[in-house]
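So the structure is just underneath, and the comments pick up after that.
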Amino acid sequence: MDLGTLSTAIIVAVGVPVATVLFIVVAERLLGFLPERRRTGVRPWFWLFPGLAFLGVFLVYPTVKTIILSLMDDRSENFVGAENYTTLFGQRGFWQVILNNGLWIVLFTGVVLVLGLIVAVLSDRVRYETLVKSFIFLPLAISFVAAAVIWKFMYAYDPDIGTLNAAVSAVGGEPQTWLTEWPRNTLMIIIVGIWMWVGFAMVILSAGLKGISTELLEAARIDGANEFQVFFRIILPLMMPTITVVGTTIVIIALKTFDLVYVMTAGNYDTEVIANLFYQERFISRDAGTAAAVAVILLVAIVPIMLVNVRRFRSQEAMR
Amino acid sequence: MTQVGLEPDARPDAPPRRSTTSGRQRRFGQLWRFGQRWRFGRLALHLALGVITFIWLLPTVALLVSSFRPSSETGTTGWWTAFQLPFQFTLENYDSVLSQQNMGQSFLNSLLIAIPATVIPIMVAAFAAYAFAWMEFPGRNALFIVVVGLLVVPLQAALIPVLQLTTDVGITGSFLAIWLAHTGFGLPFAIFLLRNFFGALPKEMFEAAYIDGASPTTAFFRLALPLSVPAIASLVIFQFMFVWNDLLVALILLGGTPDVAPMTVTIANLVNSLGQGWHLLTAAAFLSMILPLVVFFALQRYFVRGILGGSVKG
Numbered sequence: 001m002d003l004g005t006l007s008t009a010i011i012v013a014v015g016v017p018v019a020t021v022l023f024i025v026v027a028e029r030l031l032g033f034l035p036e037r038r039r040t041g042v043r044p045w046f047w048l049f050p051g052l053a054f055l056g057v058f059l060v061y062p063t064v065k066t067i068i069l070s071l072m073d074d075r076s077e078n079f080v081g082a083e084n085y086t087t088l089f090g091q092r093g094f095w096q097v098i099l100n101n102g103l104w105i106v107l108f109t110g111v112v113l114v115l116g117l118i119v120a121v122l123s124d125r126v127r128y129e130t131l132v133k134s135f136i137f138l139p140l141a142i143s144f145v146a147a148a149v150i151w152k153f154m155y156a157y158d159p160d161i162g163t164l165n166a167a168v169s170a171v172g173g174e175p176q177t178w179l180t181e182w183p184r185n186t187l188m189i190i191i192v193g194i195w196m197w198v199g200f201a202m203v204i205l206s207a208g209l210k211g212i213s214t215e216l217l218e219a220a221r222i223d224g225a226n227e228f229q230v231f232f233r234i235i236l237p238l239m240m241p242t243i244t245v246v247g248t249t250i251v252i253i254a255l256k257t258f259d260l261v262y263v264m265t266a267g268n269y270d271t272e273v274i275a276n277l278f279y280q281e282r283f284i285s286r287d288a289g290t291a292a293a294v295a296v297i298l299l300v301a302i303v304p305i306m307l308v309n310v311r312r313f314r315s316q317e318a319m320r
Numbered sequence: 321m322t323q324v325g326l327e328p329d330a331r332p333d334a335p336p337r338r339s340t341t342s343g344r345q346r347r348f349g350q351l352w353r354f355g356q357r358w359r360f361g362r363l364a365l366h367l368a369l370g371v372i373t374f375i376w377l378l379p380t381v382a383l384l385v386s387s388f389r390p391s392s393e394t395g396t397t398g399w400w401t402a403f404q405l406p407f408q409f410t411l412e413n414y415d416s417v418l419s420q421q422n423m424g425q426s427f428l429n430s431l432l433i434a435i436p437a438t439v440i441p442i443m444v445a446a447f448a449a450y451a452f453a454w455m456e457f458p459g460r461n462a463l464f465i466v467v468v469g470l471l472v473v474p475l476q477a478a479l480i481p482v483l484q485l486t487t488d489v490g491i492t493g494s495f496l497a498i499w500l501a502h503t504g505f506g507l508p509f510a511i512f513l514l515r516n517f518f519g520a521l522p523k524e525m526f527e528a529a530y531i532d533g534a535s536p537t538t539a540f541f542r543l544a545l546p547l548s549v550p551a552i553a554s555l556v557i558f559q560f561m562f563v564w565n566d567l568l569v570a571l572i573l574l575g576g577t578p579d580v581a582p583m584t585v586t587i588a589n590l591v592n593s594l595g596q597g598w599h600l601l602t603a604a605a606f607l608s609m610i611l612p613l614v615v616f617f618a619l620q621r622y623f624v625r626g627i628l629g630g631s632v633k634g
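Here is the structure:
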């Protein structure tokens, strides 16, 4: 173990927070010299400064810079206008990426929501609810990389290694190469995503479900509604806001998916998604301009969700 | 943020009761039919939940079992045959990945990256969040809405210029670069969560403190922070897991150098170099999961809240 690194880590982990606290203490001292009336106006800016500085340097400035870079050439030297975008739009590979992300958005989001809701509703009716939910939620604790290894192992071709092919062989089928043919490979990777994220949808939807008054459901049942009617006519409409919140989150995950594809197929066999294309362009093709253009396209795809979030935040604030 | 945990809320766990005020015979008929459907329904319910849970656990169990099997076994027989006599389990795979495949170093690197990258953003965020929650200043709402917007900005949109920046300063490939970057990337969520939590504390408490002559610093350290321990705990877990499980930022800002690579990067490389070396891959993957799993089982409530609260993070 490199002692130099260790000591740097300790110095930074302790030093930066201490420096921040010192900064505030010194700032408060300086404020003491100001007349009482001015203090309350100036103080917030001192308190905000470290945070805003980090946000500015590591998020706001880089994002603006990326938009500018997307209009420049591969070495970020000359302006080329919209050329990076037109080149991208002219490539078959780009549309494959869009198609794959489309599949991710539709299938991943759809299945995660439906399965999450099913598990939430079903587990609500049994005593061992907590146990079931813990097990379903568990994959969310591990990294995408570990999940990719877990499932590459499940999908291994040799029926004496891969669980899935063992199951296929057991019922008399031929072992399959699950990750080499499109669209099956993309579906198989999406399944891994689903395995990881159903727990997330389940927990939030379950909390929403418990917010529905039992009297209401009882009343419907007494009036002769069967369980399906109760679910589709009462539970589902009442849960729509929660479902939207979970849905937007899952769509963002689908748009940003990277690790699973990177580890499972490295983007080969037509499985590439936007985030992989970004990495590919910047670090394999070494084309900063096109990579930035890809990042901007990803950003543009996320902007509507950003607006939805801001709107939801404003209406929540209005109710406070 | 709503308070959600995996534990169901306490409430009477009574099965749905049906009663009608109409004739006795009809009531009995209904009860009988209901009873039939109920029993069948309960069975189907338990079965469905059992199957789902089984499918969800199977892949992780497969990984765990394989990681303890000798290499000669893993390559030739399925992990499900491991439970036949004679048992053949070994720690050799773990020994091998820790010493020869750089996983020991990577484990330390992951820790060295994740701890400062968790402590720094939370400390920095706390001051800003307190200002947003309890100080008046022009543009407060507009500025906070920017923070809300930044929550979902994808890292990809910032990474190329951040890499340029760290290269210009000469820290690319060092932990400093990744600590600073994770601080920036983690801040919107940390500010958002803490501001909401601070803001929900009773106003009278702060007014009373100020009347008693407390300074904002005192109110912050003696009131706001201690009362926010649950929120901070969730935040710590969320940020720690986010950094611990991150591949993209480490890949880009640290490059491929083995001495600084965290476990995610090392495992991704092992997948390429080992190919079918499942006995080693499974052990390596499980090593990276140990800490998250311990945190998950030990601090489940905070963990779930942290993840859920973080749902809006980009």
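Same order as they appear, the protein sequences are chains A and B. Residue 39 in the working numbering sits at position 39 of the first sequence, with consecutive numbering throughout. Residue 560 in the working numbering sits at position 240 of the second sequence, with consecutive numbering throughout. By construction, the Cβ of each residue, glycine as well, lies at the ideal position given by its N, Cα and C atoms.
Sub-8 Å separation of residue i and residue j beta-carbons
| i | j | result |
| --- | --- | --- |
| I191(A) | V261(A) | no |
| A295(A) | I480(B) | yes |
| S535(B) | L514(B) | no |
| A322(A) | V12(A) | In this structure chain A extends from 1 to 320, so residue 322(A) is not present and cannot be described. |
| F153(A) | T380(B) | no |
| L332(A) | V198(A) | Only positions 1 to 320 of chain A appear in the structure, and residue 332(A) is not among them; the question remains open. |
| V132(A) | T373(B) | yes |
| V273(A) | V106(A) | no |
| L507(B) | V444(B) | yes |
| L291(A) | R282(A) | Sequence inspection shows Ala at residue 291(A); the Leu mentioned does not correspond to that position. Yes; because the gap between Cβ atoms is below 8 Å, this pair is in contact. |
| V563(B) | I442(B) | no |
| A451(B) | P241(A) | no |
Residue-chain proximity (residue i, chain A), Cβ-Cβ < 8 Å
| i | result |
| --- | --- |
| V563(B) | no |
| G576(B) | no |
| V624(B) | yes |
| S342(B) | Model confidence at S342(B) stands at a pLDDT of 45, short of 50, so the residue's coordinates are unreliable and nothing is read from them. |
| F457(B) | yes |
| V556(B) | no |
| G504(B) | yes |
| R621(B) | no |
| T487(B) | no |
Contact set between residue i and chain B, taken where Cβ atoms lie within less than 8 Å
| i | result |
| --- | --- |
| E181(A) | Under the 8 Å cutoff, chain B gives no residues; its nearest Cβ is about 20 Å from E181(A). |
| N309(A) | V468, G469, L471, V472 and V632 |
| W104(A) | Neighbours of W104(A) on chain B: none; closest Cβ ~14 Å, over 8 Å. |
| W195(A) | W376 and P379 |
| V372(A) | Residue 372(A) lies beyond the stretch modelled for chain A, which goes from 1 to 320, so this question has no answer here. |
beta-carbon residue i near the ligand HEM non-hydrogen atom, thresh 7 Å
| i | result |
| --- | --- |
| M443(B) | With respect to the ligand HEM, the structure shown offers nothing to examine, as it has no ligands at all. |
Residue i: contacting residues in chain A (beta-carbon distance under 8 Å)
| i | result |
| --- | --- |
| Y450(B) | W47 |
| I552(B) | Within 8 Å Cβ-Cβ: nothing; I552(B) doesn't reach chain A, min ~13 Å. |
| P612(B) | A141, I142 and S143 |
Chain B contact for residue i (CB, 8 Å cutoff)
| i | result |
| --- | --- |
| A288(A) | yes |
| M188(A) | no |
| E28(A) | yes |
| M38(A) | The sequence given here places Arg at residue 38(A); Met does not occur at that position. Cβ-Cβ to chain B under 8 Å: no for R38(A). |
| Y262(A) | yes |
| D160(A) | yes |
| D25(A) | The sequence shown places Val at residue 25(A), rather than the Asp named in the question. Yes, V25(A) lies at the interface with chain B (some Cβ there is under 8 Å from its Cβ). |
| M306(A) | yes |
Contact set between residue i and chain A, taken where Cβ atoms lie within less than 9 Å
| i | result |
| --- | --- |
| H599(B) | Chain A residues near H599(B): none, gap ~11 Å exceeds 9 Å. |
| T602(B) | V149, I150 and F153 |
| A382(B) | I150, F153, M154 and T163 |
Residue i: contacting residues in chain A (beta-carbon distance under 7 Å)
| i | result |
| --- | --- |
| F616(B) | L138 and A141 |
Chain-ordered neighbours of residue i on chain B, where CB pairs are closer than 7 Å
| i | result |
| --- | --- |
| R282(A) | I480 |
| S123(A) | L369 |
Rounded distance between the beta-carbons of residue j and residue i, thought under 8 Å
| i | j | result |
| --- | --- | --- |
| V331(A) | L365(B) | Residue 331(A) lies beyond the stretch modelled for chain A, which goes from 1 to 320, so this question has no answer here. |
| V439(B) | P17(A) | 6 Å |
| G289(A) | V80(A) | 7 Å |
| L205(A) | I243(A) | 7 Å |
Chain B residues whose Cβ lies nearer than 9 Å to that of residue i
| i | result |
| --- | --- |
| T342(A) | It is not possible to answer for residue 342(A), since the shown part of chain A is limited to 1 through 320. |
Counting only runs that start and end within the stretch 229-279 of chain A, where is the alpha helix (DSSP H) found for 4 or more residues in a row?
You should have 236-256, 259-264 and 274-279.
Segments assigned alpha helix (DSSP H), at least 4 residues, entirely inside the stretch 357-404 of chain B:
Secondary structure remark: continuous alpha helix (DSSP H) runs of at least 4 residues inside the stretch 357-404 of chain B, in chain order: 391-394.
Can you give, in chain order, each stretch of the alpha helix (DSSP H) that sits fully within the stretch 130-157 of chain A and has at least 4 residues?
Complete alpha helix (DSSP H) runs here, min 4: 144-154.
Return the chain-ordered ranges of every alpha helix (DSSP H) run that is complete within the stretch 400-434 of chain B and spans a minimum of 4 residues.
Qualifying alpha helix (DSSP H) stretches, in chain order: 412-419.
Please list the segments of the alpha helix (DSSP H) lying wholly inside the stretch 157-188 of chain A, counting only runs of 4 or more residues, in order along the chain.
Runs of the alpha helix (DSSP H) inside the stretch 157-188 of chain A: 163-170.
My parser needs the alpha helix (DSSP H) runs of 4 or more residues fully inside the stretch 432-498 of chain B; what are they?
Taking only runs of at least 4 residues, the alpha helix (DSSP H) segments lying wholly in the stretch 432-498 of chain B are 460-470 and 476-489.
Give the list of continuous alpha helix (DSSP H) stretches no shorter than 4 residues that lie fully inside the stretch 535-611 of chain B.
Runs of the alpha helix (DSSP H) inside the stretch 535-611 of chain B: 549-564, 568-574 and 583-594.
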